[in-house]
Amino acid sequence: MLTASGLRSGYGALPVLHGVDIAVGEGEVVSVLGRNGAGKTTLLRTLSGALAAQSGQISVGGLDVTRRPAFQRARAGIAYVPQGRGIFGMLTVEENLEVGTRAAVGSDTTDIRQRVFQYFPILKERSGQRAGTFSGGQQQMLAIARALCGQPKILLLDEPAEGIQPSIVHEIGTLVRRLADEQGLAVLLVEQNLDLVMSASSRCLVMDKGRIVHAIQPEDLKDEVLLKQFLAL
Amino acid sequence: MEVAATTLLNALTLISILALVGLGLTISFGLMNVTNLAHGEFVAIGAFSVYYIQSLGGSFWLGLMVAPLAGAAAGFILEWLILRHLYDRPVGAILATWGISLILQQSLELIFGLGAKPVVPPVDGVSDLGLITYPTYRLILISIAATTLLAVLLLLRRTGFGLDIRTVIQNREMAEAVGINTRRAFAVAFAFGAAVAGLAGALVSPLATVLPQMGVNYLANSFFVVIVGGAGSITGLLAGSSFVGGFTSILNYQISPSLAQALVLTAAIVLVRLRPNGFVPVGSRFS
Ligand SMILES: Nc1ncnc2c1ncn2[C@@H]1O[C@H](COP(=O)(O)OP(=O)(O)OP(=O)(O)O)[C@@H](O)[C@H]1O
Ligand SMILES: [Mg+2]
Numbered sequence: 001m002l003t004a005s006g007l008r009s010g011y012g013a014l015p016v017l018h019g020v021d022i023a024v025g026e027g028e029v030v031s032v033l034g035r036n037g038a039g040k041t042t043l044l045r046t047l048s049g050a051l052a053a054q055s056g057q058i059s060v061g062g063l064d065v066t067r068r069p070a071f072q073r074a075r076a077g078i079a080y081v082p083q084g085r086g087i088f089g090m091l092t093v094e095e096n097l098e099v100g101t102r103a104a105v106g107s108d109t110t111d112i113r114q115r116v117f118q119y120f121p122i123l124k125e126r127s128g129q130r131a132g133t134f135s136g137g138q139q140q141m142l143a144i145a146r147a148l149c150g151q152p153k154i155l156l157l158d159e160p161a162e163g164i165q166p167s168i169v170h171e172i173g174t175l176v177r178r179l180a181d182e183q184g185l186a187v188l189l190v191e192q193n194l195d196l197v198m199s200a201s202s203r204c205l206v207m208d209k210g211r212i213v214h215a216i217q218p219e220d221l222k223d224e225v226l227l228k229q230f231l232a233l
Numbered sequence: 001m002e003v004a005a006t007t008l009l010n011a012l013t014l015i016s017i018l019a020l021v022g023l024g025l026t027i028s029f030g031l032m033n034v035t036n037l038a039h040g041e042f043v044a045i046g047a048f049s050v051y052y053i054q055s056l057g058g059s060f061w062l063g064l065m066v067a068p069l070a071g072a073a074a075g076f077i078l079e080w081l082i083l084r085h086l087y088d089r090p091v092g093a094i095l096a097t098w099g100i101s102l103i104l105q106q107s108l109e110l111i112f113g114l115g116a117k118p119v120v121p122p123v124d125g126v127s128d129l130g131l132i133t134y135p136t137y138r139l140i141l142i143s144i145a146a147t148t149l150l151a152v153l154l155l156l157r158r159t160g161f162g163l164d165i166r167t168v169i170q171n172r173e174m175a176e177a178v179g180i181n182t183r184r185a186f187a188v189a190f191a192f193g194a195a196v197a198g199l200a201g202a203l204v205s206p207l208a209t210v211l212p213q214m215g216v217n218y219l220a221n222s223f224f225v226v227i228v229g230g231a232g233s234i235t236g237l238l239a240g241s242s243f244v245g246g247f248t249s250i251l252n253y254q255i256s257p258s259l260a261q262a263l264v265l266t267a268a269i270v271l272v273r274l275r276p277n278g279f280v281p282v283g284s285r286f287s
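In the order they appear, the protein sequences are chains A and B. Residue numbers for the first sequence follow the UniProt record's numbering, beginning at 1 and rising by one. Residue numbers for the second sequence follow the UniProt record's numbering, beginning at 1 and rising by one.
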């Protein structure tokens, strides 16, 4: 569904990604692990179009989007939930979800929101509330719900467990798995929380210094010897 | 009492104009961080539109309708030709719009010639308000401005396009990531701000001296408004206009206009020292 090859990007004169190849299929949850500063966020920002690729290629279901601006990539099916969630705090829950449907061009937006509410009953109860008043966990749920409102084919999640209580982390893990299984969503999950990675992932990639350096199975994360070796923790 | 009522209405006239002119500035600043020094020329274009329509035998009201269209056209062209290439270079945008401002002033002078242009108000005389009498045209001006601002507020709060604008102001990168074409949103909003400035120019044209350079003054005062009120918010725009317009009107009654303006500037500077983000904090933009 999502393929990137030879992807290079960075900030000004500072190169961060040095040729990343990645592929995420329909219904697959691929996790990316790696130390702080490895370039995980940079990878997701390059895929979503927030940052331009310096070279390489990105395609969505066969469509080359490498030169497309971010809003067109969103409409082509890439949904991005950034680190820190990026919800619109001054808008209500309902309004956040409504702007989320901007990527779903030509669809019935009320209908989409009703379907998304099925996954997030609490958001429906609080639809008139300002998103900024939510707790971290609720904001994360909202950010994922907003992403789903764009009817994406691909979901990019950047550290959804960061700063969130364990019970909600577990809920997110279950939800991500369900979305992949039930809707065939291709998920690229950047995460440091190993419990979440293990509960949701189909397979894992390890990133270091702007390159993918290992491909491992989620079960391998239970093995501390392997873990030390791969993550050099 | 009569003095207070007259001062209040004078203040409302000024506040109306400042809010209409400031709208475009607060939009370009709040949305794209663009400081548009050519914004005053949209006011001049609006005023000259009314003059031109009247010189062809058309009515003031026709001029009032043409003015925002002329402003929007000028805004659209400026955005398309210049600004969209300079979003990542705020300083470049300041210099470019400053140059454009001078070019527009010279062009107006070339087309319409030197000297102030006469604009005839659509109505003469005064209205009896019981306590005081007040020029009828100014009352019309206040009503049109208030209606326009209310319409803008409804547009922002109740329409899909308004929601897009509020979203872009809060977080441009994220707005783009949810599928909003932020550049197009800005282009439309910019032309809209220019249209409203053109309307303001048309509204003041019977009261002001219609000159190619007339925009400069409005630009300076609306900058106070946006700085004092905080960029990117209608509430801030109204607060800033009320502060600058109200203060100026009260002082104008007591002392000479230029001294009044200097005092308002000083007060604005003091206020910005105390509240660097304006009356309305950034978090509550356009809400
Ligand atoms: N906006 C920026 N401007 C310049 N350099 C940046 C910027 N954002 C990140 N970097 C640099 O790029 C490199 C990769 O950062 P990135 O945020 O992609 O890492 P990460 O793997 O997401 O780390 P973390 O686990 O801390 O989120 C780091 O060296 C960082 O300092
Ligand atoms: Mg990161």
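Glycine included, C-beta positions come from ideal geometry on N, C-alpha and C.
> chain B beta carbons: is any one of them nearer than 9 Å to that of Val99(A)?
Replying inline: yes
>> For Ala131(A) and Asn96(A), which I take to be in contact (beta-carbon distance under 8 Å), what is that distance rounded to the nearest angstrom?
In response: 5 Å
>> Can you check whether the C-beta of Val24(A) is within less than 9 Å of a C-beta belonging to chain B?
In response: no
> Which chain B residues sit within Cβ distance under 9 Å of Ser127(A)?
Replying inline: Chain B residues near Ser127(A): none, gap ~15 Å exceeds 9 Å.
>> Tell me whether the stretch 119 to 129 of chain A and the stretch 80 to 94 of chain A touch, counting them as touching only if at least three CB pairs, one residue from each stretch, are closer than 8 Å.
In response: yes
>> Output needed for Leu62(B): all residues of its chain with C-beta closer than 7 Å, excluding positions within five of it in sequence on either side, in chain order.
In response: Ile53
> So which residues of chain E does Gly150(A) contact, with C-beta pairs closer than 8 Å?
Replying inline: Considering every chain present, this structure includes no chain E. Its protein chains are A and B.
> Expressed to the nearest angstrom, what Euclidean distance is found between the alpha-carbon atoms of Ala11(B) and Pro121(A)?
Replying inline: 51 Å
>> According to DSSP, simplified to helix, strand and coil, what is Arg85(A)?
In response: coil
> Could you check where the beta strand (DSSP E) with Ser31(A) kicks off and where it finishes?
Replying inline: Val29 to Gly34
>> Give me, in chain order, the residues of the same chain whose beta-carbon lies closer than 6 Å to that of Val282(B); leave out the 5 immediate sequence neighbours on both sides.
In response: Reliability fails at Val282(B), whose pLDDT of 48 lies under 50, so the model's placement of it is uncertain and the value that follows must be treated cautiously. There are no such residues.
> Can you name, in chain order, every residue of its own chain whose Cβ lies under 8 Å from the Cβ of Ile142(B), other than the five neighbours on each side?
Replying inline: Leu9, Leu12, Thr13 and Ser16
> Beta-carbon of Pro160(A) versus every beta-carbon of chain B: anything under 9 Å?
Replying inline: no
>> In whole angstroms, give me the CA-to-CA distance for Ser59(A) and Ala50(A).
In response: 15 Å
>> Is the separation between the beta-carbon of Leu153(B) and that of Ile234(B) shorter than 9 Å?
In response: yes
> Which of the residues in the stretch 147 to 166 of chain B, read from start to end, lie with their CB under 9 Å from any CB of chain A?
Replying inline: Gly160, Leu163, Asp164 and Arg166
>> Please return the same chain residues whose Cβ sits closer than 7 Å to the Cβ of Val116(A), not counting the five positions on each side in sequence.
In response: Leu97, Ala145, Leu148 and Cys149
> Alpha carbon to alpha carbon, how far is Leu274(B) from Ala267(B)?
Replying inline: 11 Å
> Taking Cβ-Cβ distances shorter than 9 Å, what residues in chain B pair up with Leu91(A)?
Replying inline: Leu163, Arg166, Thr167, Gln170 and Ser287
> Apart from the five residues just before and just after Pro218(A), which ones in its own chain have a Cβ nearer than 8 Å to its Cβ?
Replying inline: Ser31, Val197, Met198, Ser201, Ser202, Arg203 and Cys204
>> Quick test of your reading: Phe42(B) and Ala187(B), contact by CB under 8 Å. State the CB separation rounded to the nearest angstrom.
In response: The Cβ separation is near 15 Å, so there is no contact.
> What does Gly10(A) pair with, by DSSP beta-bridge criteria?
Replying inline: Pro15(A)
> So what does DSSP say about Lys222(A), is it helix, strand or coil?
Replying inline: helix
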